[in-house]
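Asker:
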Amino acid sequence: MSEKYPINLWVNEERYEKLQKAGLAAMCQEMLAGLKCIQVYCNEAQKDKILKVFPTAKFDSATTKSIELLPRQVKDKIFDLVVQKQSIDIMDEFLKGY
Amino acid sequence: MAEIGHGGKEIKERILEPAEAKKRIQGLKAYPIRSQLANEVIGIAYGFFSPLEGFMGKADVEAVCKKMRLKDGKTVWSIPIVFDMSNEEIAQYGVKPGASILLTYTGNPMAIFEIEEVYEYDKKSLAKDVYGTDETKHPGCARTYAYKDKFVGGKIALVNRPKINEPFTPYFLPPLQLRKIFKEKGWKRIVAHQTRNVPHTGHEWLMKGAWFQTYGELPMDKPYVGVLVNAIIGEKRKGDYIDEAIILTQDELRKSGYFGDHNHLTSLTFWDMRYAGPREAVFHAALRTNLGLTHHMFGRDHAGVGTYYGPYDAHRLLESLQGEINIVPVYSENWLYCPHCGEITSESLCNHKKEWQKFSGTLIRSIVQDGVKPPRLIFRPEVFDLVLECAEKYGFGSPFVGEEYLAKRTPVFVMPPLA
Numbered sequence: 001m002s003e004k005y006p007i008n009l010w011v012n013e014e015r016y017e018k019l020q021k022a023g024l025a026a027m028c029q030e031m032l033a034g035l036k037c038i039q040v041y042c043n044e045a046q047k048d049k050i051l052k053v054f055p056t057a058k059f060d061s062a063t064t065k066s067i068e069l070l071p072r073q074v075k076d077k078i079f080d081l082v083v084q085k086q087s088i089d090i091m092d093e094f095l096k097g098y
Numbered sequence: 001m002a003e004i005g006h007g008g009k010e011i012k013e014r015i016l017e018p019a020e021a022k023k024r025i026q027g028l029k030a031y032p033i034r035s036q037l038a039n040e041v042i043g044i045a046y047g048f049f050s051p052l053e054g055f056m057g058k059a060d061v062e063a064v065c066k067k068m069r070l071k072d073g074k075t076v077w078s079i080p081i082v083f084d085m086s087n088e089e090i091a092q093y094g095v096k097p098g099a100s101i102l103l104t105y106t107g108n109p110m111a112i113f114e115i116e117e118v119y120e121y122d123k124k125s126l127a128k129d130v131y132g133t134d135e136t137k138h139p140g141c142a143r144t145y146a147y148k149d150k151f152v153g154g155k156i157a158l159v160n161r162p163k164i165n166e167p168f169t170p171y172f173l174p175p176l177q178l179r180k181i182f183k184e185k186g187w188k189r190i191v192a193h194q195t196r197n198v199p200h201t202g203h204e205w206l207m208k209g210a211w212f213q214t215y216g217e218l219p220m221d222k223p224y225v226g227v228l229v230n231a232i233i234g235e236k237r238k239g240d241y242i243d244e245a246i247i248l249t250q251d252e253l254r255k256s257g258y259f260g261d262h263n264h265l266t267s268l269t270f271w272d273m274r275y276a277g278p279r280e281a282v283f284h285a286a287l288r289t290n291l292g293l294t295h296h297m298f299g300r301d302h303a304g305v306g307t308y309y310g311p312y313d314a315h316r317l318l319e320s321l322q323g324e325i326n327i328v329p330v331y332s333e334n335w336l337y338c339p340h341c342g343e344i345t346s347e348s349l350c351n352h353k354k355e356w357q358k359f360s361g362t363l364i365r366s367i368v369q370d371g372v373k374p375p376r377l378i379f380r381p382e383v384f385d386l387v388l389e390c391a392e393k394y395g396f397g398s399p400f401v402g403e404e405y406l407a408k409r410t411p412v413f414v415m416p417p418l419a
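Put into structure tokens, the structure is as follows:
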């Protein structure tokens, strides 16, 4: 099976309400001492593209194996797309714009 | 009583009295220096880099590169401290052995540089010896390749004390001053926490764990052990936490009672990180010996970058130098959150491995960047609030370094006009 690389979308109350309305609240995980998170996944090619298009982003290879430090507005766009599509399988569509 | 620093040498500040400084700078050509060199002038002049008295000559650089020692063959030293100039500048400023120039910074006099040697050194060979690679993408190699044509060796004497701007003023504590504070506090052992980060509870517990390790067999009737958070302040990269947030949040752990005056102090050192991994760890050991510390925390992949060094390479190198460095390494590994224990714990203590929730500085930065407040078990609320306050007050709306911060921030220090 090919490797999957998560992007963590951290969920505060406002985001949780939106996820509930989209019927996605059950997909939230408690990641860190109760802090909720919804993950979208990239494949290898998508991960490479993300790191190239957003140079501040970082793949945390040592600890979490996730893609971190995407600019806030980018994360907001990804989150909005998740809610709009009612799915976490949105990275292809998101990356079309870049 | 003499204060003995790294290499068994007495720490002596190289700072001229104002009257003598005024006299000695007369007629000298003024050469403006960039921030890296200004940081290193301070390091030399105040004794942070003792026993160095100036920028290295070729014999020292060669010995450091090839044998990790100064040219005396005994004193351990791992990173070359060099002053670079272009051929044109060397001609223009009359730089030659026996001559002196006046180094200026932010438009005002800083130090007299007594030139002893002008030389060339193979940068690729230097990079390979110090960083273990000659790849340009290694930031230390990139810094090396950016040096100008030649290196200039010679002694430094500060002619003017830097003005440290707020909020950094209380944290500039040079070696002799810091040693005095330690005596006043009655600390017999002090352990260094090297940082360039805003602390999450993993960092807090690294410090607490190191405090326990350092305390050892000492009696508990009085507080005999302190943690010194020594923040490295130097060149910033986009996406780093801003300096103001780093220094103030580290101190906030003391102010908010997670530590106290009796066991915690925050200070800074000016230094542009080389990311030399194990060799940088050895440099940090020398630096903190000069600060008067007895112990030094070294975590996983200390001062490393990318995948250039193994996670415990620095520990192994330090082990090989025991008896030659005068600071006790305190090794530590990652702390994490265990939902089963309901607390922060260590990989070597807790056995609920399948339940572990690991977190890193990168992950926490990511949460903060999303505008989400992490739980207090992971990130102290006082620290989070202060990060946001620093973003507004110093960071142009962001706690992370951006272009506006780089262009418009108040410098950490400037040289004032000579009195």
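Line by line, the protein sequences give chains H and R.
Residues in the first sequence are numbered from 1 upward in steps of one, following the working numbering.
Residues in the second sequence are numbered from 1 upward in steps of one, following the working numbering.
Beta carbons are placed, not taken as given, at the ideal position from N, Cα and C, and that holds for glycine.
With H, G and I counted as helix, E and B as strand and the rest as coil, what does DSSP make of Met1 (chain R)?
Answerer: Here Met1 (chain R) sits in coil by DSSP.
Asker: Below 7 Å on C-beta distance, what does Gly239 (chain R) contact in chain H?
Answerer: Within 7 Å Cβ-Cβ: Thr56 and Leu69.
Asker: Please compile the residues from chain H whose C-beta is within a distance smaller than 8 Å of the C-beta of Tyr337 (chain R).
Answerer: Here the neighbours are Leu32 and Ala33.
Asker: Looking at the secondary structure, which residues open and close the beta strand (DSSP E) in which Lys36 (chain H) lies?
Answerer: Unbroken beta strand (DSSP E) run through Lys36 (chain H): Leu35 to Cys42.
Asker: Using a C-beta to C-beta distance shorter than 8 Å, which residues of chain H count as neighbours of Ile378 (chain R)?
Answerer: In chain order: Leu32, Ala33 and Leu35.
Asker: Report the residues of the segment 364–378 of chain R with a CB closer than 8 Å to any CB of chain H, ordered along the chain.
Answerer: Going along the segment 364–378 of chain R in chain order, one finds Arg365, Ser366, Ile367, Gln369, Asp370, Gly371, Val372, Lys373, Pro374, Pro375, Leu377 and Ile378 with a Cβ nearer than 8 Å to chain H.
Asker: Please list the partners that Ser440 (chain R) has in chain H, where partner means a Cβ-to-Cβ separation under 8 Å.
Answerer: In the structure as shown, chain R begins at 1 and stops at 419. Residue 440 (chain R) is therefore absent and cannot be evaluated.
Asker: Determine the chain B residues that contact Lys236 (chain R) at a beta-carbon separation under 9 Å, and present them in chain order.
Answerer: Of the protein chains in the structure, H and R, none is chain B.
Asker: With DSSP collapsed to three states, give me the class of Thr289 (chain R).
Answerer: Note: Thr289 (chain R) maps to helix in three-state DSSP.
Asker: Buried or exposed: where does Val368 (chain R) fall if 16 or more other Cβ atoms within 10 Å of its Cβ makes it buried?
Answerer: That one is buried.
Asker: Closest to Leu377 (chain R) by C-alpha separation, out of R:Thr269, R:Phe396, R:Asp370 and R:Gln357, would be which residue?
Answerer: Nearest option by C-alpha distance: R:Gln357.
Asker: Output, in chain order, the set of chain H residues within a Cβ distance shorter than 8 Å of Thr195 (chain R).
Answerer: Neighbours of Thr195 (chain R) on chain H: none; closest Cβ ~17 Å, over 8 Å.
Asker: Taking C-beta to C-beta, are His193 (chain R) and Gly361 (chain R) nearer than 8 Å?
Answerer: No.
Asker: Roughly how many whole angstroms lie between the Cα atoms of Asp272 (chain R) and Met27 (chain H)?
Answerer: Asp272 (chain R) and Met27 (chain H): Cα-Cα distance of roughly 44 Å.
Asker: So which residues on chain R does Glu60 (chain H) lean against when the C-beta distance must stay under 9 Å?
Answerer: A small fix is needed here, since residue 60 (chain H) is Asp in this sequence, not Glu. Per Cβ cutoff of 9 Å: Ser360, Thr362, Leu363 and Ser366.
Asker: Quick one: give me the first and last residue of the alpha helix (DSSP H) that His203 (chain R) is part of.
Answerer: Element bounds for His203 (chain R): Thr201 to Tyr215.
Asker: Can you name, in chain order, every residue of its own chain whose Cβ lies under 6 Å from the Cβ of Lys238 (chain R), other than the five neighbours on each side?
Answerer: These residues qualify, in order along the chain: Val401.
Asker: Could you name the residues of chain R that Lys75 (chain H) contacts, counting a contact when the two beta carbons are closer than 7 Å?
Answerer: Here the neighbours are Asp370.
Asker: What distance in whole Å lies between the Cβ atoms of Lys96 (chain H) and Tyr41 (chain H), which are believed to be in contact at a cut-off of 8 Å?
Answerer: Going by Cβ atoms, the distance from Tyr41 (chain H) to Lys96 (chain H) rounds to 17 Å, so no, they are not a contact pair.
Asker: Would Ser66 (chain H) pass as a contact of Asn12 (chain H) if the rule is Cβ separation under 8 Å?
Answerer: Contact: no.
Asker: What's the call for Val53 (chain H), buried or exposed, on a 16-neighbour Cβ count within 10 Å?
Answerer: The residue in question, Val53 (chain H), is exposed, as its Cβ has fewer than 16 Cβ neighbours within 10 Å.
Asker: Name the residue from R:Ile33, R:Leu418 and R:Gly371 whose alpha carbon lies nearest to the alpha carbon of Gly397 (chain R).
Answerer: Out of R:Ile33, R:Leu418 and R:Gly371, R:Gly371 has the C-alpha closest to the C-alpha of Gly397 (chain R).
Asker: Here's a check: name, in chain order, each residue in its chain whose Cβ is nearer than 8 Å to the Cβ of Ala210 (chain R), leaving out the five neighbours to either side.
Answerer: Contacts found: Val191, His193, Val227, His295, Met297, Val330 and Ser332.
Asker: If you drop the 5 nearest sequence neighbours on each side, which residues of the same chain put their C-beta closer than 6 Å to that of Ser267 (chain R)?
Answerer: If we look at Ser267 (chain R) and ignore the five residues flanking it on each side, its Cβ neighbours are Tyr171, Leu173 and Asn230.
Asker: So, for Gly140 (chain R): in the same chain, excluding its five sequence neighbours on each side, which residues have a beta-carbon less than 6 Å away from its beta-carbon?
Answerer: Tyr131, Arg274, Tyr275 and Ala276.
Asker: Under the three-state reduction of DSSP, which class applies to Pro32 (chain R): helix, strand or coil?
Answerer: Correct three-state label for Pro32 (chain R): strand.
Asker: From R:Ser100, R:Met68, R:Phe270 and R:Glu382, pick the residue whose C-alpha is nearest to that of Lys255 (chain R); which is it?
Answerer: The option with the nearest alpha carbon to Lys255 (chain R) is R:Glu382.
Asker: Can you name the residues of chain H whose CB is closer than 8 Å to the CB of Asp301 (chain R)?
Answerer: Ordered by position in chain H, the residues that pass the 8 Å Cβ test against Asp301 (chain R) are Ala62.
Asker: Are His264 (chain R) and Leu253 (chain R) closer than 8 Å when you measure CB to CB?
Answerer: Yes.
Asker: Taking C-beta pairs closer than 7 Å, name the residues in chain R that Asn8 (chain H) reaches, listed in chain order.
Answerer: Result: Ser366.
Asker: Looking at the secondary structure, which residues open and close the beta strand (DSSP E) in which Phe359 (chain R) lies?
Answerer: Phe359 (chain R) -> no beta strand (DSSP E), and no H or E assigned at all.
Asker: Count the other C-beta atoms from every protein chain shown that fall within 10 angstroms of the C-beta of Phe212 (chain R), then say buried if there are 16 or more, exposed otherwise.
Answerer: So Phe212 (chain R) ends up on the exposed side.
Asker: Does any residue of chain R have a CB that is nearer than 8 Å to the CB of Asn12 (chain H)?
Answerer: Yes, Asn12 (chain H) counts as interfacial toward chain R.
Asker: List the DSSP bridge partners of Pro109 (chain R).
Answerer: Looking at the DSSP assignment, Pro109 (chain R) forms a beta bridge with R:Thr104.
Asker: Whole-angstrom Cβ separation of Asp134 (chain R) and Ser86 (chain R), contact assumed at under 8 Å?
Answerer: Not really, about 22 Å apart at Cβ, beyond 8 Å.
Asker: Whose C-alpha, out of R:Glu120, R:Leu102, R:Asp243 and R:Tyr105, is nearest the C-alpha of Thr410 (chain R)?
Answerer: Answer by Cα proximity: R:Asp243.
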